[in-house]
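Presented below is the structure to which this report refers.
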Ligand code: SF4
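Numbering (this note's numbering), first residue to last: 718 to 1195.
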């Protein structure tokens, strides 16, 4: 963990904050970003999987299963999802076909992976995974157990919607070895909930967390979002205090990503009620101060965890990882993606992504064709920068000598262009450069502008045109 001084917002130079905060910068949930991935032929995707199985570095696996359906669409949501069709028969048939497709894909991938590689982490996300129903989830889960070598102590987690999840569903999940749930909460303020079309009273969330604890799930996570219309520092403070009272094990405290040009439901947001950058910084600071005062540890950019939670332990062990699911404990695992739009990450080799459209995903599996659509094979430079950016997001620092040792490079020489920009960021108070050359982000200014620091090391962001503050240099599509 970084020993950093947490400043009050009033201590910060707001001119500096405003200089960087208005710039659109990728979030780097992957490096390189998906916009740089290529269309992939089935043979190349198979070759990447075989290579991963031969090198066995790492040996063990994680699986992400994506269910792209929701009962209704929340306005803020940027996930890959679609809403229930009106015709119930058609909905049932589509869900059934999707379950079948996931089972086929699991069997296919399982046949390409050696049986002695342990499956240590499973995460169901979406969309709303419970949309598949108890039977659908059980069928897919059992197919996964047949196709892969699930470790006895594997972490098996699922995202649930408190508005839709029943006690029966949770009981069934627990029996199937699910041991962690992640709950979309977002905000407890009624006006905010109504505006973003996600109404779930505090009592509903409290009942759900109580049920999870009674059923002895190992952990319950919350997702909260700050920076949405109608949110104010006061409403955020209230939401954070109610969250602390409910005491989830882990909290993802996300900044609202406003991209209406890509997310149609966001076009219905009342932009006149969006908080400005300075107010959003204040909201981050409120979460930071209240969660840490309540005993949570700040993990990476925007997660908080109890000290005995796996995420906090991973942060202390140096095994923290950041991927499309947020901060995870899965460092040292090759990740396979199941379902439409899912992404696999074969460490040191590359990314593999499935087709995005649900119908195409199902059709391809029904006709025994590949579902891989895009891929990115890592170059040496990709691997160097990926390791640096991932560590930066997880730990808020760049360990110069670790990078040099791991990749056999001279850091100052390799990153001479980037270091000139970092010096400007140091003058503006986003980072400090230590005598030995390590770079640390400050808190909260550097933390909330961490994307700005990471973007300096992104080789795909047009290095010649790159200047801090020039919006055209950045793409906001990751
Ligand atoms: S927040 Fe969850 S329930 Fe709402 S649209 Fe997104 S995936 Fe669906």
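We put the CB at the ideal spot given by N, CA and C, even for glycine. Note that this is a predicted model, so its numbers are computed, not measured.
Item, Value
"Identified DSSP bridge partners for residue 755", "1092"
"Contact test: residue 843 Cβ vs the ligand SF4 heavy atom, cutoff 7 angstroms", "yes"
"DSSP beta-bridge partners of residue 903", "941"
"Residue 1167 to residue 1142 span [Cα, whole Å]", "11 angstroms"
"Closest by C-alpha distance to residue 1197, when choosing among 819, 761 and 776", "Since the first residue of the chain shown is 718 and the last is 1195, residue 1197 is not available in this structure."
"Spatial distance of residue 984 from residue 826 (CA atoms)", "38 angstroms"
"Buried or exposed by the 16-neighbour rule on C-beta atoms within 10 Å, applied to residue 1182", "Residue confidence is low: residue 1182 scores 37 on pLDDT, short of 50, so the model does not pin down where it sits. Its coordinate-derived value is still stated next. Residue 1182 comes out exposed."
"Distance CB(residue 697)-CB(residue 834) smaller than 8 angstroms", "This structure gives no information on residue 697, because the portion of the chain shown stretches from 718 to 1195."
"Residue 903 versus residue 765 - alpha carbon distance", "38 angstroms"
"Close Cβ partners of residue 866 (< 8 angstroms) along its chain, the five nearest in sequence each way excluded", "832, 833, 834, 835 and 836"
"The beta strand (DSSP E) enclosing residue 1040, as first and last residue numbers", "1038-1040"
"Range covered by the alpha helix (DSSP H) that runs through residue 1108", "1097-1112"
"Rounded straight-line distance, which links the Cα of residue 785 to that of residue 1086", "20 angstroms"
"Nearest-angstrom Cα separation, counted from residue 1161 out to residue 993", "17 angstroms"
"Collapsed DSSP secondary structure at residue 1033 in the structure displayed", "helix"
"Bridge partners - residue 783, DSSP secondary structure assignment", "842"
"Limits of the unbroken beta strand (DSSP E) element including residue 1083", "Counting along the chain, residue 1083 falls outside any beta strand (DSSP E), though it belongs to the alpha helix (DSSP H) covering 1075-1083."
"Beta-carbon gap between residue 1044 and residue 1061 smaller than 8 angstroms", "no"
"Within 8 angstroms, strictly: CB atoms of residue 961 and residue 861", "no"
"Neighbour-count burial assignment, residue 1042, 16 or more Cβ in a 10 Å radius", "buried"
"C-beta contact flag for residue 924 and residue 899 at 8 angstroms", "no"
"Outcome for residue 739 when other beta-carbon atoms lying within 10 angstroms are tallied against a minimum of 16", "exposed"
"Residue burial classification, residue 1000 (beta-carbon count within 10 angstroms, cutoff 16)", "buried"
"8 angstroms Cβ cutoff met for residue 864 and residue 1089", "no"
"Element boundaries [alpha helix (DSSP H), containing residue 967]", "No alpha helix (DSSP H) contains residue 967, which is instead part of the beta strand (DSSP E) from 967-972."
"From 1076, 1140 and 986, residue whose alpha carbon lies closest to that of residue 1057", "1076"
"Coarse secondary structure for residue 921, derived from DSSP in three states", "helix"
"Segments assigned alpha helix (DSSP H), at least 4 residues, entirely inside the region 1125-1177", "1128-1131, 1133-1144, 1162-1165 and 1167-1173"
"Own chain residues within Cβ distance below 8 angstroms of residue 1131, not counting five before or after", "1101"
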